[in-house]
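Protein chains in written order, with this note's numbering: chain A, 126 to 362; chain B, 173 to 738; chain C, 40 to 389; chain D, 3 to 165.
First up is the structure itself, then whatever we jot down about it.
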Amino acid sequence: MTTTTAPHGGAAPPHGHDHDHPSFLAHHFDTPAQQEASAKMGMWVFLATEILMFSGLFLAYAIARWAYPEMVLEAHHHLSIPMGGVNTVVLITSSFTVAVGVRAAKIDNQKLLQWMLLATIFLAGCFLVVKYFEYSAKFEHGLLPGRFYTADYIAKDLTVPSPLGGPHTFFGIYFLMTGLHGVHVVLGMCVMTWIYLRARRGEFGPHFFTPVENVGLYWHLVDLVWIFLFPLLYLVK
Amino acid sequence: MATTTVEGALAGAAHDHREPSYIQASSGLKAWLFTIDHKRIGMMYLASVWTFFFIAGALALLFRLELLTPNLDLLLHLVGGENAAMIHAKALDLYNKLFTLHGGLMVFAFIVPSIPASLGNFFLPLMLGAKDVAFPKLNLASYYLYVIGASVVVYAILGAGLDTGWTFYTPYSTTTGTAVTTATLGVFIMGFSSILTGLNFIVTIHKMRAPGMTWNRMPLFLWAIYATSVIQILATPVLAITLLLLVMERTLGIGIFDPAMGGDPVLFQHFFWFYSHPAVYIMILPAFGVISEIIAVHSKKHIFGYWAIAISSVAIAIISFLVWGHHMFVSGQSEFAAVLFSFLTFAVAVPTAIKVFSWVATLYKGSISFTTPMLYGLMFLFTFTIGGLTGIFLGALAVDVHLHDTYFVVAHFHYVMMGGTVVAFLGGIHHWWPKMTGRMYPETLGKICSVIIFIGFNLTFFPQFIAGTQGMPRRYATYVDQYTIYHELSTVGSLILGVGLFIVAIYLLVSMFKGKQASDNPWGGASLEWATQSPPIEHNFHDTPHVDTDPYNFPNIDRSASIGHH
Amino acid sequence: MMREFLTGGLLHGLLGEAQSSVWMPPEASTFASDMDPLFYFILYLCAFFFVLLMGATLWFSLKYREKTPGQRTSPIKHNGRLEFLWSAIPTVLLVVIFAWGQKGFVSLATPPADALDVRVTGQKWNWTIDYPGLNKSCGPTSVTDPVTGLQGLQTDFYVPAGQPVKLTISATDVLHSFYIPAFRLKRDAVPDRYTGYWFTADEPGVYDLFCAEYCGQQHSEMRGRVHVLTDLEWRAFLKSSRCPTLNPDADDYGEKLYEANCKTCHTVDGSPKVGPSFKGIWGKTESLADGSTVVVDDNYVRESLRNPNAKIVAGFAPGMSVFDSGKLDDRAVNALIDFIKSLGEGGDIK
Amino acid sequence: MATTYIRGKQVEPEMEAPHHDVAPMSLYWKVFGALLVLTCLTVAVSYADLGKASLAVAMVVAVVKSTFVVMYFMHLKGDDRTFTFIFLSTLVFVGIFFGLTFADLSTRDAVNSEWGYHGWANEKGQIIERTAPAHGEGGHEAAAGHEAAPTEGHPSPEAAPTH
């Protein structure tokens, strides 16, 4: 319960301390503003851990590029830029829709909020479908990570590990980065579906929309990682 | 309901009507296992953390006994086999699995979560004047993640066994047949628990302080927990990605760390130590926080150099990310990087020195009562200073070439980990035991045990310094017999240490039920946790206290001759 | 004299000599005699500050113990000057220690031109030392291990006294570390990479050689002896038949290869060890861990060398290191196969 | 919502409900448009053969795009300054991770090229002749556009002798 004191301490607070307890305010928070600020800060700290986790993979990519520049440049021709480009546009649009969704929650436009969440989930699905086609193309050509690398026109045979710094390292890192990013897209879709269901029950409005905002923040980070991943893996010569 | 100022709360709490404490609030296993009360989660963490400590500690005693003699005399009997050579080979494997279990469990399952998760969880909201941590359900989730992760690691080690050491160095960890993948999965899960606890504490400290508690009115224990949480947030994700890369290396052979496939094993050491060196500061910083509280309260004197200690905690948290290379001076790292890391390593030694000097200065002109927590506090000053000073030997490049991976390193980190964190943890438990359980521990028995632990600890680990400088390498199952004297002393010491710790565990458990009733403020502490009932009520305070003094203003400080100003 | 004093040498001379055996093994290399003064300098510095600090703690504890309950305590909160002093002085001392420490370390990486070139290779659980210029190669020789009383493999490393020696260290399977306590020197052996250092051994004698980086089952038995020889002994060693290089044309080339690479895990007397025994294994049908069977022939031996985890005999753990063509070229593999054949055929003898 | 005063000083201003300034819809469209344009730009630039500079250009474009997303979509612009601090300090630590790792990797050959040699053995186990990386660029920017690319020296130009 909230305890507020008049400016000079001492005097009794203006109104009883047990004002109507809004349904969404957890018992241990004093004011809704404190709860919202805490939730948002928690989300930003969580985003910090996500950035640091992906930084490990970006460092692995940087070292592979530094140690084997020819291999990386030659091997990344096998990645299809159109598919990557489509995925980038899809993710940026989904970022846009989730941002508009959060804005809709703020102005209590429930219909728009629900449509935007649905659109984001749909776009995430498209992203995964495009990724499925990309991966299946790789599987067919045998461009697989590490010891499963059987693309015959590059490595001779399986028993001897493919030539040092062979493309298996690049594809190992490629599958790790896009795979981990893909896992985060799937997680994002699940959480967004849960938020969509709560939005349908009308839980969110101008006075309480933190869950929508946090899912939005998470989704923007997933988009951010892809914004860096796409040029590094697909485009850079 | 008028707000009670801190002084009012201190005086009034003892006698007014006793609300049911958090223990009596609801009973039954389900009430405990699904609680979101930070105090109950803190107690559950305390129980699980100490269970793992005694499992890993018992194994340490087992292979300490084994090391009594140069050959594998003890383990040879535990292992079957057709001929002497086969038995010997299996005994060596068993020894490697034992020291890996000891290292792995102690680091990941005991010492990383020890103080922050148990005492931190219990006292952070209390000291802040808050009703609970910012995300109580997340707090319970992190406890269960910890329990699941720890049991996966124990399953992996007791099942197929793990013989890579807690450092998982490649290429050995990618080529050995033991359960590396399962163990890394376990540690991966425990990493999440560490991240979530850190996240919870940072948000609670930022957003849920009692009105009036500005940053310089926060107890130093909370500064230390804050610095620890910052490291947990920034370092643990890199451990997650390192373990993921290790598992991918083992299963898919992506070749980042495997030299035959174009990788570089020293790269794994960079990834690993980027987490693991800040992790050793996750382990020691909460101990600094506990010691600041104990020494100030039990010498009834304002802590000396409040800002110096607070800022040095945060400074250590930041600089700890720059120094990891000193674990790799002889690993084939470039000379330029070795010199750079050595210089930065000496930068991190200065804030630690400032802390120790400030604690000793706090004793000056105090009124020191030799209670058990204070004995542990003074013991900490002795053992941790040795641990810290021996770090300087390992930081100097030329000396580290000789001392790296020898028993000197083993002694150094045991003096810092056990002499530092475990001693501070015991001090903290005794200091806050009346507040946590509402009962007092047996004072005289407590003092005796602290002396036994002091003697046992020094007898165990000081000879290892000399064994190390004489060249005894680390992780050796059998050794040449010129080192026998050091191992004999060390084994005898470890038995004494084991006995001392065992008695402490027994009398603490007994005192939970049979200890005599404790008052709300037995030591005359001035921080907020002493301003409520012991054991505290479910939502901590009858009404949110507001703070207008800093937590070290003890009643008997002689303000008339005010030499020091605010 | 001044330098001696400055480097704590005098102190070390006065006190050090008396207990040099307490802290440090004998100084047998020039690097050791450079490094020990730094060690003692740090030791005495830390001892001094430690005694100061513990003295203060003890004295304050006794002098200011609580005589009467509620006893007044001083309101001192901090003292700017004192806090500055105890931050600046340690920083200066630490920088001095850093500067001195890095000087010795970096000099390790620049060997003199006339240094004797020695190649050290660590593999799972023994060292092989080659002298490229001198047509010598000191591999592991089987000896009864004094500690375990069993047949073990130890390497003898012969070094001329007073002459700089350049070590180029590598490994074939996992990380090892070439550590000679008497020389105060160690460096990790990293597979497929070269690391190294140089030293001048100046005290003739026999010293211990350890592996200091955890490398698996017999990490603690990957030991050896370092023999620092006087000039006379060194010339005798060069002419002697000790440490012959593996001569591919000799008929016992296969047996020598077996001793250098396989002996730690495979015996020739029929008793299984870490791996199956080679006695009578040729032509035998072995049942594998996954239930299938294989006949021990050229292809199986070759595949087990190149890709050991492919077909593991039932009852044995994976973990054999890879012997790719760089370590054992085809000629060496053929010699090894001939040697195994010579150990009895048909798999009739269990 | 009542505000809390202690001796006249307002405590924890954000305790009372922050007014949510809702950005106009047009801003969202503008940012969306900018992101699409930049994506097309970076794809187009990748076809033009810039060689070494292509990495730098791609990174600059990525940083610009990510600042747009962070400032407007994640509302870091009008928000509490601690969130910006958290975001940027994370990037500093990612920079430390990159910088010090590359401090080791790129100076391995500095003192003694043969021992520091980052030699990669080929199939036959010999150290292959490894020419210094064509354009010696070091690590690239971190995950989300941090400013200081770690600068490292070029590894020694001449290749180590084969054995």
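Glycine included, every Cβ here is placed at the ideal spot set by N, Cα and C.
No experiment lies behind these values; they were computed from the predicted model shown.
Is there a C-beta anywhere in chain B that falls below 9 Å from the one on residue i?
| i | result |
| --- | --- |
| Gly55(C) | Only weak support is given to the placement of Gly55(C): the predicted model assigns it a pLDDT of 45, under 50, and the value that follows is read from those uncertain coordinates. Answer no: the Cβ-Cβ gap between Gly55(C) and chain B never drops below 9 Å. |
| His117(C) | yes |
| Lys84(D) | What sits at residue 84(D) in the sequence shown is Thr, not Lys. Cβ-Cβ to chain B under 9 Å: yes for Thr84(D). |
| Cys301(C) | no |
| Phe95(D) | yes |
| Gly181(A) | yes |
| Phe99(D) | yes |
| Thr69(D) | no |
Taking the alpha carbon of residue i as the reference point, which residue from the options has its own alpha carbon closest?
| i | options | result |
| --- | --- | --- |
| Met299(B) | Ile377(B), Ala306(B), Ala232(B) | Ile377(B) |
| Pro288(B) | Ala451(B), Met500(B), Gly563(B), Asn255(B) | Ala451(B) |
| Ile81(C) | Asp720(B), Phe565(B), His498(B) | Phe565(B) |
| Gly275(B) | Pro308(B), Leu312(B), Ala230(B) | Ala230(B) |
| Leu132(C) | Phe633(B), Ala519(B), Trp695(B) | Ala519(B) |
| Cys42(D) | Tyr186(A), Ile320(A), Ile206(A) | Ile206(A) |
| Tyr724(B) | Leu406(B), Ala468(B), Trp479(B), Ala203(B) | Ala468(B) |
| Pro151(C) | Ile115(C), Phe238(C), Asp336(C), Leu367(C) | Phe238(C) |
| Val157(C) | Glu252(C), Asn174(C), Val145(C) | Asn174(C) |
| Gly427(B) | Ala173(A), Phe295(A), Val197(A) | Phe295(A) |
| Lys607(B) | Ala690(B), Gly628(B), Gly461(B) | Ala690(B) |
| Leu367(A) | Phe149(A), Leu198(A), Gly226(A), Pro194(A) | Since the first residue shown for chain A is 126 and the last is 362, residue 367(A) is missing from the structure and cannot be characterised. |
| Val347(A) | Lys231(A), Phe252(A), Gln239(A) | Phe252(A) |
Should residue i be flagged as near chain D, meaning a C-beta pair shorter than 9 Å?
| i | result |
| --- | --- |
| Tyr236(C) | yes |
| Val213(C) | no |
| Val159(C) | no |
| Val178(B) | Reliability of the predicted coordinates at Val178(B) is poor, the pLDDT of 47 falling under 50, and the value obtained from them is presented with this limitation in mind. By this cut-off, Val178(B) is not an interface position. |
One question on the structure: do residue i and residue j come within less than 9 Å of each other, judged by their Cβ atoms?
| i | j | result |
| --- | --- | --- |
| Tyr103(C) | Thr96(C) | no |
| Gln162(C) | Asp212(C) | yes |
| Val573(B) | Leu224(C) | yes |
| Ser68(D) | Phe353(A) | yes |
| Ser68(C) | Ile219(C) | yes |
| Pro21(C) | Ala521(B) | No answer is possible for residue 21(C): the residues shown for chain C start at 40 and end at 389. |
| Phe592(B) | Thr555(B) | In the sequence under discussion, the amino acid at residue 592(B) is Gly, which differs from the Phe named in the question. Against a cut-off of 9 Å, the Cβ pair of Thr555(B) and Gly592(B) comes out as a contact. |
| Pro645(B) | Ala251(C) | yes |
| Val438(B) | Leu92(C) | no |
| Phe179(A) | Met302(A) | yes |
Is residue i a contact residue of the ligand MN, with contact defined as CB to any heavy atom under 8 Å?
| i | result |
| --- | --- |
| Met420(B) | The ligand MN is absent from the structure shown, which contains no ligands of any kind. |
Is the CB of residue i under 9 Å away from at least one CB in chain A?
| i | result |
| --- | --- |
| Ile397(B) | no |
| Lys303(B) | yes |
| Asn293(B) | no |
| Asp111(D) | no |
In terms of DSSP beta bridges, what is residue i paired with?
| i | result |
| --- | --- |
| Arg158(C) | Asp169(C), Thr207(C) |
| Asp227(C) | Ser216(C) |
| Thr324(C) | Val334(C) |
| Cys250(C) | Phe217(C) |
| Ile426(B) | Its beta-bridge partners do not exist; DSSP assigns none. |
| Gly263(C) | Thr194(C), Leu248(C) |
Do we get a CB-CB distance below 9 Å when we pair residue i with the residues of chain C?
| i | result |
| --- | --- |
| Asn693(B) | no |
| Trp445(B) | no |
| Lys537(B) | yes |
- Task: List in chain order: all unbroken beta strand (DSSP E) runs of 3+ residues lying wholly within the segment 321-364 of chain B.
- Result: Taking only runs of at least 3 residues, no beta strand (DSSP E) segment lies wholly in the segment 321-364 of chain B.
- Which runs of the beta strand (DSSP E) spanning at least 3 residues fall entirely within the segment 176-200 of chain C, listed in chain order? Here the runs fully enclosed are 179-183, 190-199.
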